[in-house]
Amino acid sequence: MSAIESVLHESRVFAPSAEAAAGAAISGMDAYRALMAEAERDYDGFWAKLARETLSWRKPFSKVLDETNAPFYTWFEDGELNASHNCLDRHVEAGNGDRTALIFEADGGEVTRVTYQDLLQRVCRFANALKRRGVKKGDRVVIYMPMSVEGVVAMQACARIGAPHSVVFGGFSSKSLNERLVDVGAVALVTADEQMRGGKALPLKRIADEALAMGGCEAVQSVFVYRRTGGEVEWHAPRDIWMDEAAAQEADTCAPEWVGAEHPLFVLYTSGSTGKPKGVQHSTGGYLLWAAQTIKWTFDWKPSDVFWCTADIGWVTGHTYITYGPLALGATQVVFEGVPTYPDGGRFWNMIEKHKVSVFYTAPTAIRSLIKIAEADAKVHPRSYDLSSLRILGTVGEPINPEAWIWYHEQVGGSRCPVVDTWWQTETGGHMIAPMPGATPLVPGSCTLPLPGIMAAIVDETGQDVPNGQGGILVVKRPWPAMLRTVWGDPERYKKSYFPAELGGKLYLAGDGSVRDKETGYFTIMGRIDDVLNVSGHRLGTMEIESALVSNPIVAEAAVVGRPDDTTGEAVVAFVVLKRPRPEGEEAVKLANELRAWVGKEIGPIAKPKDVRFGDNLPKTRSGKIMRRLLRSLAKGEEITQDVSTLENPAILEQLAQGR
Ligand code: 7RM
C-alpha cells in the first residue's frame with residue numbers, strides 16, 4: 001500500500017483536546033498562522049527574536065541571515081556564544097544546579113541521576129583533559145561510544161572548547177569508523193572498553209584499535225577510553241588514556257571557549273545516493289536555537305516534563321533531542337543504554353512508569369516491533385503498566401503506518417496524548433514538518449504542517465510548485481538557521497546534492513517525495529526519491545552496500561534495492577552475480593550468509609541484506625544500465641508488468657524472481 005493510500009484508509013482527524021490546547025505555547029491554529037505570517041512578513045525579525053529569547057549570547061549578533069554567498073548561508077554571524085555554556089552554566093547560574101539533567105538507565109537497569117551542577121563539573125573536567133592532550137578550538141574529535149552519561153559529557157566537553165565532534169554510531173564497523181576518522185581529520189578519539197546492549201558486550205575499543213590501525217588517521221594522538229564494563233582491552237600507551245583517570249586530575253571548572261555563531265559545532269556522517277557518506281556540518285548558533293525551539297513547539301515542552309528520546313547519540317536525533325535541545329532548555333531527561341526488548345518487550349513501558357516520563361519520542365520501527373510482542377504477551381502489553389504520566393508522544397525517522405499510529409495513540413497514550421509525527425533530517429538539524437500538540441488536528445500517517453518559519457513546499461522536476469493533491473519533490477524554499485552549512489571538506493557536493501541547478505539552485509532538496517492533502521495542505525512523506533534506503537529509521541545508501549559487496553573477492557557484480565518490511569519499514573535486498581557459477585540450494589544459503597556477514601563487517605550490522613539473491617547476471621538495458629525498477633519489483637515478489645522490451649537479457653528475471 002502506498003503512503004497516500006494508507007492515509008486514505010485512516011481518515012479520522014484527532015483534534016487537540018481542550019486540555020492540551022489550554023496550557024500550550026501555541027494554542028490553536030490561529031496562533032500558528034499568526035507566527036507563520038510574522039515569519040513571512042519579516043523573516044529576519046522573526047528569527048532574530050527567537051534567537052535572542054532562546055539562547056544566551058556572549059556577544060549579541062547584529063546580522064541575521066546573510067545570503068551573499070548563497071547557498072552558503074550564514075546566520076547571526078557576528079554573534080558569539082558557547083553551546084555548552086547555554087546547556088549547562090546558564091541553568092546553574094540561574095539557581096537550577098540541583099535540577100536533574102539526566103536520569104541514566106543502564107542496560108541492566110541500574111539508574112544514575114546527574115544534576116545540572118554535576119554535569120557541568122564533569123564536562124569541565126573532561127574539557128580540561130582534552131585540552132591537556134592538546135585538543136584546541138577547531139580540532140575534530142571523533143566519539144565512538146555507547147549510550148552513556150560519558151557520551152553526553154564527551155560531546156558537551158568538545159562544544160565547551162570549540163572542538164567540533166563527530167559521533168560515530170557504536171554499531172558501525174572498524175572500516176566505517178576509519179573512513180570517518182580519516183575524512184574528518186580527527187586528532188582524538190573517545191571510545192569505551194565495551195558497549196552493553198541487551199545483555200551482550202560489544203568490544204568497542206577493539207574495533208577502535210582496528211580502525212586506527214587501518215591507517216590514514218595518524219593525526220589521532222589520543223584515545224580516551226570510558227571504562228564501561230572493565231572488560232579486557234589492548235593498551236597502546238601513551239596514546240590511550242582512561243577517561244576517568246584523565247578527568248580525575250583536572251579542575252572541575254573550565255572557561256567556555258566563546259565561538260562565532262557559525263563555528264562548526266559538529267560533523268555527522270549520513271548516507272547519500274552516491275559515493276561515501278557525507279559529513280554534514282552544523283553551526284553553533286542556528287543549530288542550537290532550533291534544537292531548543294522545536295522542543296518548545298513540537299513537544300509543547302514545560303519545565304515539569306520528564307523528556308525521553310530513545311535515539312542513540314550516534315544519530316542526529318540523539319544530538320538534537322538528547323545532547324543539545326533538552327539541555328539547552330534545562331530539561332530533565334531519561335537517557336537509556338539498552339534496547340527496547342531486553343530483558344523483555346515491556347522495557348519502554350516499565351521505564352516510562354518508573355521515571356514518570358511525560359514526553360516520549362521514539363521510532364515507528366520500535367513501535368511496530370513492540371506491537372507484535374505486546375499482542376502476543378499480555379504481561380508486556382502497555383496496558384499492564386501505569387503510563388498516566390505521559391502527555392505527548394512523538395515519532396521520527398520513517399513514515400508511520402496509520403495502524404501503528406492508532407495503536408501508539410490508544411494503547412500507549414490511552415487516547416489522551418497527541419502523537420506528533422516529526423519529519424526532518426540530519427541536514428535540517430531539527431524538526432521541520434510536525435504538528436504542535438495544542439494546535440494541530442492530527443491525521444495518522446501525516447506529519448501535518450511546517451513549523452513556523454519553515455517554508456516547505458512540493459515542486460516538480462523543474463522546481464515549479466505543484467498543486468495540492470499532486471505528488472512531487474519536497475523542498476524548502478528559504479534557508480533556516482539550523483540547516484547544514486556544508487559537506488565537510490566538499491563544498492561542491494553540498495551545492496550539487498542540496499541546491500541542484502535543475503531546481504534553479506535556490507531550493508533546498510530534501511531527497512523525499514511528498515504530497516499535500518487537497519483540503520488541509522497536510523504533508524505526507526512518500527519516501528526517498530534517490531537511492532537511499534530507510535531501514536528501521538536508519539539511512540543507508542544502496543551504493544555503499546553495493547561497494548561493500550563487490551569488495552568481496554567472490555563477487556563480480558551487485559545491485560541493492562529496498563523492499564517494504566512490516567517491522568523495519570524497508571529491508572535491504574541484494575542481487576548478486578558471483579565470479580563463479582550461480583550457487584543453488586545449501587551452497588546458496590551458505591554464501592548468502594557469508595555475504596551478509598561481510599557487509600556487517602564492512603559497514604555495520606544495520607546494513608546487512610535481509611535477502612541475498614544470486615543470478616547469472618543482472619537485468620540490464622542494452623546500454624548496460626541496471627534496471628533497478630525491475631529489481632524493486634522482484635524484491636517485492638511482484639509480477640513484472642513493466643515494459644521489458646529494452647532489456648538485454650529478459651530471461652534473467654525468472655531466475656532472480658525465484659530467490660535463493
Ligand atoms: C531524523 C532522521 C532522514 C530521512 C528523511 C525521510 C525519513 C524522517 C520521517 C521520515 C517519514 C517522518 N534523520 N524520515 N522522518 N519519513 N516520516 N516523520 O531520521 O537523516 O537519518 O533520515 O528519514 O526519508 O529524508 S536522517
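For what it's worth, UniProt numbering labels the leading residue of the sequence shown as 1, then goes sequentially. A virtual CB, placed ideally from N, CA and C, is assigned to each residue, including glycine. The structure displayed is predicted, hence computed values, not measured ones.
### Task
Helix, strand or coil for Val149, going by three-state DSSP, please let me know.
Annotated three-state conformation of Val149 is helix, per DSSP.
### Message
With three or more C-beta pairs closer than 8 Å as the rule, is the stretch 463–482 touching the stretch 498–518?
### Response
Enough Cβ pairs lie closer than 8 Å, so yes.
### Query
Between which two residues does the beta strand (DSSP E) harbouring Trp308 extend?
Taken as a continuous stretch (DSSP letters only), the beta strand (DSSP E) holding Trp308 covers Val306 to Cys309.
### Message
Given a cut-off of 7 Å on the beta-carbon distance, is the pair Val335 and Leu102 in contact?
### Response
The criterion of a C-beta distance shorter than 7 Å is satisfied by Val335 and Leu102.
### Task
Leaving out five residues on either side along the sequence, give the residues of the same chain with a beta carbon under 6 Å from the beta carbon of Arg58.
Take Arg58, set aside five residues on each side of it, and the residues of its chain with a beta-carbon closer than 6 Å to its own are Glu80, Leu81 and Trp258, in chain order.
### Query
Whose beta carbon lies closer than 7 Å to any heavy atom of the ligand COA, going through the chain in order?
Annotation note on the ligand COA: not contained in the displayed structure, which lists the ligand 7RM as its ligands.
### Message
Could you check whether the stretch 362–380 touches the stretch 401–412, counting it as contact only if at least three pairs of C-beta atoms, one from each stretch, sit closer than 8 Å?
### Response
Between the stretch 362–380 and the stretch 401–412, the count of C-beta pairs closer than 8 Å reaches three or more; the two stretches touch.
### Task
Just tell me which of Val141, Met196 and Gly171 has its CA closest to the CA of Asp183.
Checked all of Val141, Met196 and Gly171; the closest Cα to Asp183 is Val141.
### Query
To the nearest whole angstrom, what separates the beta carbons of residue 693 and Ile652, a pair I think is in contact under 8 Å?
The structure shown does not extend to residue 693, since the chain spans only 1 to 660, so no value can be given for it.
### Message
Given this structure, state the Cα-to-Cα distance separating Leu55 from Trp301, to the nearest angstrom.
### Response
Between the C-alpha atoms of Leu55 and Trp301 there is a straight-line separation of about 16 Å.
### Query
For the putative contact between Phe126 and Ala154, defined by C-beta atoms under 8 Å, what is the C-beta separation to the nearest angstrom?
About 6 Å separates the two Cβ atoms, so the contact holds.
#### Entry: Euclidean distance between Cα positions of Glu633 and Val443
The sequence given here has Ser at residue 633, not Glu. Roughly 30 Å separates the two Cα atoms.
### Query
Any idea if Val223 is buried or exposed, counting beta-carbon neighbours within 10 angstroms, 16 or more meaning buried?
The Cβ neighbour count for Val223, taken over all protein chains shown within 10 Å, is at least 16; the residue is labelled buried.
#### Entry: Range covered by the beta strand (DSSP E) that runs through Thr270
Run containing Thr270: Pro264 to Thr270, per the beta strand (DSSP E) assignment.
### Task
Tell me whether Gln333 is buried or exposed, calling it buried when 16 or more other Cβ atoms sit within 10 Å of its Cβ.
Gln333 counts as buried, since no fewer than 16 other beta carbons sit within 10 angstroms of its beta carbon.
#### Entry: Other residues of its chain near Thr426: CB distance less than 7 Å, five sequence neighbours each side excluded
Excluding residues within five positions, the ones whose Cβ falls inside 7 Å are Leu268, Thr270, Val280 and Val316.
### Query
Under 7 Å between the Cβ atoms of Phe299 and His282?
Contact: no.
### Proximal residues to Asp531 (C-beta, below 6 Å), its chain only, five neighbours per side dropped
Cβ-Cβ distances below 6 Å link Asp531 to Ser273 and Thr542 in the same chain, with the five nearest sequence neighbours on each side left out; the list follows chain order.
### Query
Exposed or buried, Asn128, counting other C-beta atoms within 10 Å across all chains shown (16 or more means buried)?
Buried is the call here.
### Task
Determine the contact status of Lys579 and Ile554, defining contact as a CB-CB distance below 7 Å.
The criterion of a C-beta distance shorter than 7 Å is satisfied by Lys579 and Ile554.
### Query
Does the stretch 59–78 come within contact of the stretch 94–108, defined as at least 3 CB pairs closer than 8 Å?
Contact between the stretch 59–78 and the stretch 94–108 is absent: fewer than 3 CB-CB pairs across the two stretches fall below 8 Å.
### Query
What are the boundary residues of the alpha helix (DSSP H) that includes Ala213?
Segment Leu204 to Ala213, the alpha helix (DSSP H) holding Ala213.
### Task
Give the single residue among Met627, Leu656 and Gln655 whose Cα lies nearest to the Cα of Gln642.
Taking only the C-alpha atoms, the option nearest Gln642 is Met627.
#### Entry: Nearest candidate by alpha-carbon position, reference Gly575, set Pro605, Leu120, Arg629 and Phe523
Note on residue identity: the sequence assigns Phe, not Gly, to residue 575. The shortest Cα separation from Phe575 among Pro605, Leu120, Arg629 and Phe523 belongs to Arg629.
### Query
Hey, how far is the Cα of Val644 from the Cα of Gln221?
Here the alpha carbon of Val644 sits roughly 56 Å from the alpha carbon of Gln221.
### Task
Report the rounded CA-to-CA distance for Arg383 versus Asp312, giving the unit in angstroms.
Arg383 and Asp312: Cα-Cα distance of roughly 26 Å.
### Message
Does the contact criterion of 3 or more C-beta pairs under 8 Å hold for the stretch 189–199 versus the stretch 137–151?
### Response
Cβ pair count under 8 Å is three or more, so yes.
### Task
Would you mind listing the beta strand (DSSP E) stretches within the stretch 538–618 that are 3+ residues and don't spill past its ends, in chain order?
Whole beta strand (DSSP E) segments, 3+ residues: 538–541, 555–565, 569–578 and 611–614.
### Query
From Pro326 to Ala292, what does the alpha carbon distance come to, in whole angstroms?
When the Cα atoms are used, Pro326 and Ala292 turn out to be separated by approximately 7 Å.
### Task
Please look up how many angstroms separate the CB atoms of Val306 and Ser358, rounded, as I've assumed it's under 8 Å.
5 Å between Cβ atoms; contact.
### Rounded straight-line distance, which links the Cα of Glu570 to that of Cys309
One alpha carbon belongs to Cys309, the other to Glu570, and they sit about 22 Å apart.
### Message
Measuring only the C-alpha atoms, how far is Gln249 from Leu509?
### Response
Cα-Cα distance, rounded: 48 Å.
### Message
DSSP has Val114 in a bridge; who is on the other side?
### Response
Val114 is bridged to Leu102.
### Message
For Val114 and Val92, what's the separation of their Cα atoms in angstroms?
### Response
Each residue's CA atom was taken as its position, placing Val114 and Val92 some 13 Å apart.
### Message
What does DSSP give as the partner residue(s) for Thr524 in the beta ladder?
### Response
DSSP lists Val515 as partners of Thr524.
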